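Trainee: Residue numbers (this note's numbering): 2 to 131. Following this message is one structure expressed as C-alpha coordinates.
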(Lines of atoms letter the chains of each structure in order from A; the text may use other names.)
(Lines give C-alpha, C1' and ligand atoms only; values in the text may rest on other atoms or scores of the structure.)
Protein backbone atom coordinates (compact mmCIF):
# COMPACT_ATOMS: atom_id res chain seq x y z
CA UNK A 2 0.00 0.00 0.00
CA UNK A 3 2.88 2.35 -0.77
CA UNK A 4 1.27 5.25 -2.52
CA UNK A 5 3.45 7.85 -4.18
CA UNK A 6 4.32 10.70 -1.84
CA UNK A 7 2.05 13.10 -3.74
CA UNK A 8 -1.02 10.84 -3.36
CA UNK A 9 -0.81 10.35 0.40
CA UNK A 10 -2.97 12.38 2.73
CA UNK A 11 -1.62 14.74 5.34
CA UNK A 12 -2.69 12.28 8.06
CA UNK A 13 -0.73 9.46 6.43
CA UNK A 14 2.33 11.67 6.15
CA UNK A 15 2.11 12.63 9.83
CA UNK A 16 1.63 8.98 10.80
CA UNK A 17 4.77 8.02 8.85
CA UNK A 18 6.67 10.91 10.40
CA UNK A 19 5.57 9.80 13.87
CA UNK A 20 6.68 6.20 13.25
CA UNK A 21 10.04 7.26 11.85
CA UNK A 22 10.63 9.72 14.67
CA UNK A 23 9.91 7.16 17.38
CA UNK A 24 12.17 4.63 15.63
CA UNK A 25 14.91 7.25 15.42
CA UNK A 26 14.56 8.12 19.12
CA UNK A 27 14.75 4.42 20.10
CA UNK A 28 17.86 3.97 17.98
CA UNK A 29 19.49 7.05 19.52
CA UNK A 30 18.75 5.79 23.04
CA UNK A 31 20.22 2.38 22.17
CA UNK A 32 23.34 4.05 20.76
CA UNK A 33 23.72 6.17 23.89
CA UNK A 34 23.39 3.10 26.14
CA UNK A 35 25.99 1.18 24.15
CA UNK A 36 28.42 4.08 24.10
CA UNK A 37 28.06 4.77 27.83
CA UNK A 38 28.63 1.08 28.61
CA UNK A 39 31.86 1.11 26.61
CA UNK A 40 33.07 4.27 28.34
CA UNK A 41 32.18 2.93 31.79
CA UNK A 42 34.15 -0.21 31.04
CA UNK A 43 37.23 1.83 30.07
CA UNK A 44 36.94 3.99 33.19
CA UNK A 45 36.72 0.81 35.29
CA UNK A 46 39.96 -0.45 33.78
CA UNK A 47 41.69 2.88 34.44
CA UNK A 48 40.53 2.89 38.06
CA UNK A 49 41.94 -0.63 38.25
CA UNK A 50 45.36 0.73 37.29
CA UNK A 51 45.10 3.23 40.13
CA UNK A 52 44.11 0.50 42.59
CA UNK A 53 47.00 -1.70 41.48
CA UNK A 54 49.35 1.24 41.92
CA UNK A 55 48.11 1.71 45.47
CA UNK A 56 48.51 -1.98 46.26
CA UNK A 57 52.04 -1.97 44.83
CA UNK A 58 52.97 0.98 47.01
CA UNK A 59 51.60 -0.73 50.10
CA UNK A 60 52.94 -4.23 49.38
CA UNK A 61 56.31 -2.85 48.41
CA UNK A 62 56.48 -0.83 51.57
CA UNK A 63 55.76 -3.85 53.75
CA UNK A 64 57.67 -6.70 52.08
CA UNK A 65 60.62 -5.31 50.19
CA UNK A 66 61.25 -2.47 52.62
CA UNK A 67 62.02 -4.74 55.53
CA UNK A 68 64.29 -7.12 53.60
CA UNK A 69 66.31 -4.47 51.79
CA UNK A 70 66.64 -2.29 54.86
CA UNK A 71 68.16 -5.21 56.76
CA UNK A 72 70.61 -5.93 53.94
CA UNK A 73 71.64 -2.30 53.52
CA UNK A 74 71.98 -1.85 57.27
CA UNK A 75 75.04 -4.09 57.06
CA UNK A 76 76.87 -1.44 54.99
CA UNK A 77 75.29 1.89 56.02
CA UNK A 78 73.40 3.19 59.04
CA UNK A 79 69.93 1.67 59.45
CA UNK A 80 68.09 4.99 59.17
CA UNK A 81 69.76 5.76 55.84
CA UNK A 82 68.98 2.33 54.41
CA UNK A 83 65.33 2.75 55.45
CA UNK A 84 65.17 6.17 53.78
CA UNK A 85 66.69 4.97 50.50
CA UNK A 86 64.40 1.94 50.21
CA UNK A 87 61.32 3.97 51.13
CA UNK A 88 62.01 6.57 48.43
CA UNK A 89 62.56 3.96 45.72
CA UNK A 90 59.39 1.98 46.51
CA UNK A 91 57.28 5.12 46.82
CA UNK A 92 58.63 6.32 43.45
CA UNK A 93 57.58 3.10 41.72
CA UNK A 94 54.11 3.25 43.26
CA UNK A 95 53.76 6.92 42.34
CA UNK A 96 54.61 6.12 38.70
CA UNK A 97 51.91 3.43 38.46
CA UNK A 98 49.36 5.65 40.21
CA UNK A 99 50.10 8.54 37.83
CA UNK A 100 49.70 6.25 34.81
CA UNK A 101 46.20 5.30 35.94
CA UNK A 102 45.28 8.90 36.74
CA UNK A 103 46.54 10.17 33.38
CA UNK A 104 44.59 7.51 31.49
CA UNK A 105 41.49 8.36 33.50
CA UNK A 106 41.84 12.05 32.62
CA UNK A 107 42.02 11.17 28.91
CA UNK A 108 38.69 9.33 29.05
CA UNK A 109 35.67 11.33 27.98
CA UNK A 110 32.35 10.25 29.45
CA UNK A 111 30.29 12.15 26.90
CA UNK A 112 28.47 9.90 24.42
CA UNK A 113 30.23 11.44 21.42
CA UNK A 114 28.65 9.27 18.71
CA UNK A 115 25.19 9.97 20.08
CA UNK A 116 25.84 13.71 20.19
CA UNK A 117 27.06 13.65 16.60
CA UNK A 118 24.04 11.71 15.34
CA UNK A 119 21.69 14.01 17.25
CA UNK A 120 23.27 16.98 15.47
CA UNK A 121 22.79 15.19 12.15
CA UNK A 122 19.18 14.40 13.05
CA UNK A 123 18.51 18.03 13.93
CA UNK A 124 19.99 19.14 10.61
CA UNK A 125 17.85 16.56 8.78
CA UNK A 126 14.72 17.77 10.59
CA UNK A 127 15.49 21.38 9.61
CA UNK A 128 15.82 20.38 5.97
CA UNK A 129 12.51 18.49 6.11
CA UNK A 130 10.60 21.53 7.40
CA UNK A 131 11.79 23.80 4.58
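Virtual Cβ for every residue (Gly too), placed ideally from N, Cα, C. Values in this document were obtained by computation on a predicted structure and should not be read as measured data.
If I measure Cβ to Cβ from residue 115 and keep anything under 7 angstroms in the same chain, skipping five residues before and after, which residues do I get?
Mentor: Here residue 115 is taken as the residue at index 114 of the chain shown, counted from 1. The residues are 29, 32, 33 and 36.
Trainee: Examine the Cβ distances between the segment 100-117 and the segment 61-75 and report whether three or more of them are shorter than 8 angstroms.
Mentor: no
Trainee: Kindly indicate which three-state DSSP category residue 110 falls into: helix, strand or coil?
Mentor: The count along the chain shown starts at 1 and reaches residue 110 at position 109. The DSSP-derived three-state label of residue 110 is coil.
Trainee: Compare the beta carbon distance of residue 90 and residue 58 with 9 angstroms and say whether it is the shorter of the two.
Mentor: If you number the chain shown from 1, residue 90 lands on position 89. If you number the chain shown from 1, residue 58 lands on position 57. A contact, by the Cβ cut-off of 9 angstroms.
Trainee: So the alpha helix (DSSP H) residue 15 belongs to, where does it begin and stop?
Mentor: Looking up residue 15 in the chain shown gives position 14. 11-60 is the span of the alpha helix (DSSP H), which, as asked, contains residue 15.
Trainee: Do the segment 43-59 and the segment 96-111 meet, that is, are 3 or more Cβ pairs less than 8 angstroms apart?
Mentor: Yes, they touch.
Trainee: Rounded to a whole number of angstroms, what is the C-alpha to C-alpha distance between residue 13 and residue 21?
Mentor: Here residue 13 refers to the residue found at position 12 of the chain shown. Here residue 21 refers to the residue found at position 20 of the chain shown. Straight-line Cα distance between these residues: approximately 12 angstroms.
Trainee: What residue range is occupied by the uninterrupted alpha helix (DSSP H) comprising residue 1?
Mentor: Outside the displayed range of the chain (2 to 131) lies residue 1, so it cannot be described from this structure.
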